[in-house]
Amino acid sequence: MECSMTGTHALPFADAASIVQSRQKDEQIEDILIKKFTNVLQALKGQLFTNMHPTGIARATKFIYLLITTLRGVSTLGEEYVDILYVNRSGRGLPKRYSRLLFILSTFLGPYALAKLTKRLRKGDDEGNMNLTSVFDGMIDFLLQFHLMTFYVKGSYYNVFKRIFGLRYAIGHKVDSAEGKMREQNAHTYKILGYVVLIQSVSKGIPIIKELLKTRHKSEPQINENGVLTEKPQTTISKISLRDPEVMPFISGPSRDCTLCLLPMTNPSCAPCGHTYCWDCLFKWCNERPECPLCRQTCAPQQILMLRQ
Amino acid sequence: MAPPRSQRKRALNCTGALVAAVGLGVTCWYLWKNYTGEAEGEQRLSREEAAESKCVVVTPSVCDVQNMVHWEMLINSDQEDIVFLVAPGCHDRFSSEVLSLVDEQFKYKAINCETVDGIWYCVKSLMKQQLYVIPSEVSNGIPNDIARYVQDIGQWRTREDILVAFPV
Amino acid sequence: MSQRVLREYRRLVAAGGAANESNLHPTDPADLTHWEATLEGPQGTPYEGHSFPLRVTVPDKYPTLPPSVCFPKRTMPHPNVKWDTGEVCLDTLAGGWTPVMDLQYAVMAVRRLLAEPNPESPLNLELAALSRLGDHKAYDGIIKYRLAHSSIK
Chain A
1 MECSMTGTHA
11 LPFADAASIV
21 QSRQKDEQIE
31 DILIKKFTNV
41 LQALKGQLFT
51 NMHPTGIARA
61 TKFIYLLITT
71 LRGVSTLGEE
81 YVDILYVNRS
91 GRGLPKRYSR
101 LLFILSTFLG
111 PYALAKLTKR
121 LRKGDDEGNM
131 NLTSVFDGMI
141 DFLLQFHLMT
151 FYVKGSYYNV
161 FKRIFGLRYA
171 IGHKVDSAEG
181 KMREQNAHTY
191 KILGYVVLIQ
201 SVSKGIPIIK
211 ELLKTRHKSE
221 PQINENGVLT
231 EKPQTTISKI
241 SLRDPEVMPF
251 ISGPSRDCTL
261 CLLPMTNPSC
271 APCGHTYCWD
281 CLFKWCNERP
291 ECPLCRQTCA
301 PQQILMLRQ
Chain B
1 MAPPRSQRKR
11 ALNCTGALVA
21 AVGLGVTCWY
31 LWKNYTGEAE
41 GEQRLSREEA
51 AESKCVVVTP
61 SVCDVQNMVH
71 WEMLINSDQE
81 DIVFLVAPGC
91 HDRFSSEVLS
101 LVDEQFKYKA
111 INCETVDGIW
121 YCVKSLMKQQ
131 LYVIPSEVSN
141 GIPNDIARYV
151 QDIGQWRTRE
161 DILVAFPV
Chain C
1 MSQRVLREYR
11 RLVAAGGAAN
21 ESNLHPTDPA
31 DLTHWEATLE
41 GPQGTPYEGH
51 SFPLRVTVPD
61 KYPTLPPSVC
71 FPKRTMPHPN
81 VKWDTGEVCL
91 DTLAGGWTPV
101 MDLQYAVMAV
111 RRLLAEPNPE
121 SPLNLELAAL
131 SRLGDHKAYD
141 GIIKYRLAHS
151 SIK
């Protein structure tokens, strides 16, 4: 739908509701295309190939779909469905071909680059650096949420790369007053959604920042060669250690060792089934999976009982 | 004199686009290089593995030409990458007429299959370059998907075909 | 790194060689994240008479997370081992893991897998199909072929 536009008259920008709707329609279409493409590849290269590369096939399909629509300056089916079209940042002209091309290339390659980068960071983590990966992931998450919020509030740029390369949507027809009113109402609903996202990301962000500040300042407790704490960490509860034979003498010989950390138990605690471990060891595992490590009976973290003298 | 505002803005836009394009180009090149590098290594391995390799499905006619082809010579050779899948019903004959002449260390190159389906799973597992088989002597013929697991299927019809493929 | 691995190492050394029939040992005693073991092919299986090196990698979150094990690539023909990579599919080292198990237990579980393959969760589709088909001669034949063929090359 390459239509000529005179520079002075700007089309009204599309609202969030119709952009989301067009995207949903496009996703439907893409799903159908991916299925067809997979069928073709299955016939050509076998099921093993299609099973091995489902994401690659999906990405390639989307890439081709964008090439034959957006790059050529033709609407995608979803855009046509709600009658919106690309305009540049000012809304006074069509976006340049190179910015459309850059947008398409980056939607295609962005995820690859991101995966590569996280992998590299993770490698760095393994070598004992700070947990860069989680910080990086957190930052990306935060930026994406911020982007989403802006979209909901202002109704511009649903896709990050569209924001970067300046591909905005405008409504492709004249809007009369009734339609305008309805669109305004919809936009209002989306604004509320935007503020909810903002609150969510802030509430998520604060604990992370706090945690970061804390780890910066905390000194690690010293652990000697035997894996025993030599410097007592700050805790309010006094510890019960079965290292001392006087403590809980009714627990005999080898049973005094925790089967998880292989050390004499610290703060012996038992699961509902009666199996006993260190509090820390058992709690850590039950957070991972709520069952006794030995007999696999259910054991939610709140069911753990600490033994007392 | 400073250029007009719109011109400056356009220049700025152009620089931005240029930087983005160069960045993207570098990313593309890097990914491409990584991708092809990995693929090459794998390809080299599989080609080495499959060099000149052959897989023969042993059916009665294959046993019949033993006097002319002397299968045991192929099996006893270090040079030949060849494996024999012995169809059900031919185990005893192949064992007494051919395997009895084969060195102990090479006997692994003959695999007895108790079922016809078993033969095809073996073919798929071994992935040899060349498959030789007499379709008329195997019930239900060659399954369609076998072509994906070998590079070439030599379909023998007569004993003469065997002698052409393995000249004495 | 988890202190638990260090204590497992001490126990292994203290118990002596006899208790450690798979010769499980860290590749480098200074770095307890990479271990090696040698599995003897169980009697009565096509693996008999061969021995197989096994690599064990201990994750940071061990023992909450299971160790990962891997054969060298293209050395282990088995329904639950990917031939091209040596990757092992074993419930004990995935959903069935609990932290009371240790590295030695994991290695023994792999050893048991050699004797008792599980064709229901295959990584080597053809071998699993042969096993399900019940074509024992072909199944054993392929395994022996792979073992002999790779040792000659």
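Residue numbers (the UniProt record's numbering), protein chains in the order written: chain A, 1 to 309; chain B, 1 to 168; chain C, 1 to 153. Note that the Cβ used here is the ideal one computed from N, Cα and C, for glycine as well.
At a beta-carbon threshold of 8 Å, none of the residues of chain A lie near L85 of chain B; the nearest stands roughly 22 Å away. A direct Cα-to-Cα measurement between H25 of chain C and V58 of chain C gives close to 12 Å. For S96 of chain B, the enclosing alpha helix (DSSP H) begins and ends at 91–97. Within chain C, the residues P63, T64, T98, P99 have their CB atoms less than 9 Å from the CB of W285 of chain A, given in chain order. With contacts defined by Cβ atoms closer than 7 Å, L102 of chain A and A165 of chain B do not form a contacting pair. Excluding its 5 nearest sequence neighbours in each direction, D64 of chain B has C-beta neighbours in its own chain below 8 Å: R159, listed in chain order. Exclusion of the five residues before and after D145 of chain B leaves no residue of its chain whose Cβ lies closer than 7 Å to its Cβ. Within the same chain, E30 come within 7 Å of K62 of chain A by CB-CB distance, once the 5 residues on both sides are set aside. C:E40 is the residue among C:P46, C:C89, C:E40 whose C-alpha sits nearest the C-alpha of F52 of chain C.
Using a C-beta cut-off of 8 Å, the stretch 76–95 of chain C makes contact with the stretch 117–130 of chain C, since at least three inter-stretch Cβ pairs fall below that distance. Taking the beta carbon of S106 of chain A as reference, the chain B residues within 8 Å of it are L24, listed in sequence order.
Counting the other Cβ atoms within 10 Å of the Cβ of R183 of chain A gives 16 or more, which makes it buried. For E8 of chain C, the enclosing alpha helix (DSSP H) has its first and last residue at 3–15.
M76 of chain C and A129 of chain C have their C-alpha atoms spaced approximately 17 Å apart. Taken in chain order, the whole alpha helix (DSSP H) runs of length 4 or more contained in the UniProt domain "RING-type" (258–296) of chain A are 279–288. Contact check for C292 of chain A against C273 of chain A passes: the beta carbons are separated by less than 7 Å.
By the CB criterion at 7 Å, N112 of chain B and V86 of chain B fall inside the cutoff.
Closest in alpha carbon position to T70 of chain A, among A:T55, A:A58, A:L117, A:V87, is A:V87.
Taking 8 Å as the upper bound on Cβ-Cβ separation, chain A lies near residues Q3, R4, L6, R7, E8, R11, D60, P63, T64, T98, P99, V100 of the UniProt domain "UBC core" (1–152) of chain C. Across the set B:S136, B:Y149, B:L74, B:V69, the C-alpha of B:L74 shows the shortest separation from the C-alpha of V102 of chain B.
Remark: C-beta atoms of S125 of chain B and I142 of chain C approach each other more closely than 7 Å. Counting only Cβ-Cβ distances below 8 Å, G194 of chain A has no contacts in chain B at all, with the closest Cβ about 27 Å away. At least 7 Å separates the CB of E30 of chain A from every CB of chain C. Bridge partners of K54 of chain B according to DSSP: B:I82, B:Q130. Across the set B:L131, B:S77, B:A110, B:P88, the C-alpha of B:L131 shows the shortest separation from the C-alpha of Q151 of chain B. Take the alpha-carbon of N159 of chain A and the one of L282 of chain A: they are about 44 Å apart. For D161 of chain B, the enclosing alpha helix (DSSP H) stretches over residues 159–165. Judged by their CB atoms, L113 of chain C and P67 of chain C are not nearer to each other than the 7 Å cut-off.
The beta carbon of K54 of chain B sits no closer than 7 Å to any beta carbon of chain C.
For W35 of chain C, the number of other beta carbons within 10 angstroms of its own is at least 16, and it is reported as buried. Between V107 of chain C and S22 of chain C, the gap from beta carbon to beta carbon is short of 7 Å. Within 10 angstroms of the beta-carbon of T38 of chain A lie 16 or more other beta-carbons, which makes it buried.
Sixteen is the threshold: since fewer than 16 other Cβ atoms of the shown chains lie within 10 Å of the Cβ of F146 of chain A, the residue is exposed. G154 of chain B: member of the beta strand (DSSP E) spanning 152–155, first to last residue. E72 of chain B is not a Cβ neighbour of V56 of chain B, given a cutoff of 7 Å. For D280 of chain A, the closest C-alpha among the options A:L294, A:P245, A:G56, A:M265 is that of A:M265.
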